[in-house]
Each structure stands twice: as structure tokens, then as C-alpha cells.
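> Quick one: the structure is below, and I'll ask about it shortly.
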Amino acid sequence: MKGIEKPITPEDTENGNPMKQQGEMKHSGEKGTEQTTITEMLASHNTLLKELKSLIETRLSYDETKEKTIEKLHEELKLYRDNFISQSQKPIFIDLIMLYDDFMQVLSVFDEKQDMTKEEIAAMRHNLHTIKEGLLEILYSREVTLYHKHPDFLDYKLHKTIGTVPTSIESENNQVAKIVKPGFCWNGKTLRPEEVIIKKYRKE
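In terms of the UniProt record's numbering, the sequence shown opens at residue 1 and continues consecutively.
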């Protein structure tokens, strides 16, 4: 015969009921599982944040490199454009300047002529001056201008010496004695230097 099971008494409960112990173990297991899940979630979030930070840093680095590349390309294109314009237009400007020089020579001849009436000379001079001003307007519209400054002494950046005259005064050495042809500049740079005759000191 099977023995009669002893009923659970309050003493058994105080001394450690097996059912109570099982419940406590189950509750403890669930709590441990919950803590593990939270830890895993935090770890996952930390990993995600690190990946997001890395992605942002990579993107910022890419954008900065891209911006620098665009700026460099822009500068190179501007330099290429400026050089192209300079090389393509400079010969035209030089030809116009030479034509201007020819007109100035013709004007000087008319100023010295004596076998023409004053009216004829005045009319011819007026026509030539009109053409000269037209040439200057063409040059000015392309930002080619006559020198505004005329240094008293030789400046290698602005002058081209085509002749010398002696002087016995030492302080006059390299002084500009005469401007033969005017100088022209383009965008602030010398296009055609001023052709001059300068004084050279010679001991007597």
C-alpha cells in the first residue's frame, strides 16, 4: 500500500516548501533573463551609435574632400580661362597699339608740314585724332589703358630703354629724358612697356 501523503503544514512553508522554492527559482530565472536582454539591447544600441558616428564622420570627410576638389577645379578652370584669353587676345592688342603708334607718327608729320593751308591741316588733324580716339576706345573697352603714371626715373617693370643721352650730373643718372612711345597696361599688368630715352651719367 502506498503511504498516505502528509499534508503541507505552515511549518513546512516556513522551513522551505519545495513549491515555494521552485517559484522563487523561476522568478529569479526570469529576472536574470530580463537583465541579460537589457544588457544585450544596450550593447546593440552602443554598436549602432558607433556605426552611425563612423558613418557621419566618413560622410563629413567625403563632403570636405569633395568641396576641396570642386574649389581646386574651379581655380584651375579660371586660370585656364584667363591664360586662354590672354594668349588669344594679346596679339590683337599689340597690333592695335602699333596702329596707334603709326597714327601718332602721321600726326607729328602733319604738325610739321608748311605747304598745306591751315584749314587742310586742321581738318586732317581732326580726322586723325578722331581715328586715334576710336582706337583708344576699342582698347579701353577691353580694359587696355594708357599708363597713368610716368616715373621720372627708369623702372624696369614699366620702361623699355631705346636710347641714352649723356649727362654730367650724377643725380640725373637713369632719369627719363624723353618718352618715345606710350606704355599700355591690361588688367593692371604691363602689356607694352613705355619706350624711353634715358640719361646716363658720364664724368667729364
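Where is the CB? At the ideal position from N, CA and C, for every residue including glycine.
(1) Within 8 Å, do at least three Cβ pairs link the segment 119 to 136 to the segment 155 to 168?
(2) Using the Cα positions of Pro193 and Glu120, report the straight-line distance between them to the nearest angstrom.
(3) When the Cα of Lys199 is compared with those of Asn187, Glu75, Cys185 and Glu172, which residue comes out closest?
(4) Helix, strand or coil: which one does DSSP assign to Thr37?
(5) So, under 8 Å CB-CB, Lys149 and Glu195 are touching, yes? Tell me the CB distance rounded to an integer number of Å.
(6) Of the choices Ile162, Phe184, Gly183 and Pro182, whose alpha-carbon is the least far from that of Asn174?
(7) Let's see if you can read the secondary structure: which residues bound the alpha helix (DSSP H) around Thr130?
(8) Assuming the contact rule is C-beta atoms closer than 8 Å, Leu146 and Phe184 should be a hit. Round their C-beta distance to whole Å, please.
(9) Could you check if Val144 is buried or exposed, using at least 16 other CB atoms within 10 Å of its CB as the buried criterion?
(10) What is the DSSP secondary structure of Lys72, reduced to helix, strand or coil?
(11) Could you check which residue in Leu77, Leu154, Ser54 and Lys189 has the C-alpha nearest to that of Lys178?
(12) Check each candidate in Val180, Leu191, Leu99 and Pro91 and name the one with the smallest Cα separation from Ile197.
(13) In the structure shown, what three-state DSSP assignment does Pro182 receive?
(14) How would you call Leu139, buried or exposed, if buried means at least 16 neighbouring beta carbons within 10 angstroms?
(15) Can you list, in chain order, the residues of its chain whose CB lies under 8 Å from that of Lys203, leaving out five sequence neighbours each side?
(16) With 8 Å as the threshold, decide whether the Cβ of Glu204 is near any Cβ in chain C.
(17) Look at the alpha carbon of Gly188 and the alpha carbon of His74, and state the distance between them as a whole number of angstroms.
(18) Is Gln89 near Arg142, with beta carbons less than 8 Å apart?
(19) Helix, strand or coil: how does DSSP classify residue 208 here?
(20) Return helix, strand or coil for Glu204, following the three-state DSSP convention.
(21) Around the C-beta of Tyr100, are 16 or more other C-beta atoms found within 10 angstroms, so that it is buried, or is it exposed?
From the atom records:
(1) no
(2) 34 Å
(3) Glu172
(4) helix
(5) Not quite, the Cβ-Cβ distance comes to about 16 Å (not below 8 Å), so this is no contact.
(6) Ile162
(7) Lys118 to Ser141
(8) 6 Å
(9) buried
(10) helix
(11) Leu154
(12) Val180
(13) coil
(14) buried
(15) Ser168
(16) Of the chains in the structure shown, none is chain C; there is only one protein chain.
(17) 23 Å
(18) yes
(19) Only positions 1 to 204 of the chain appear in this structure, which leaves residue 208 out of reach.
(20) coil
(21) buried
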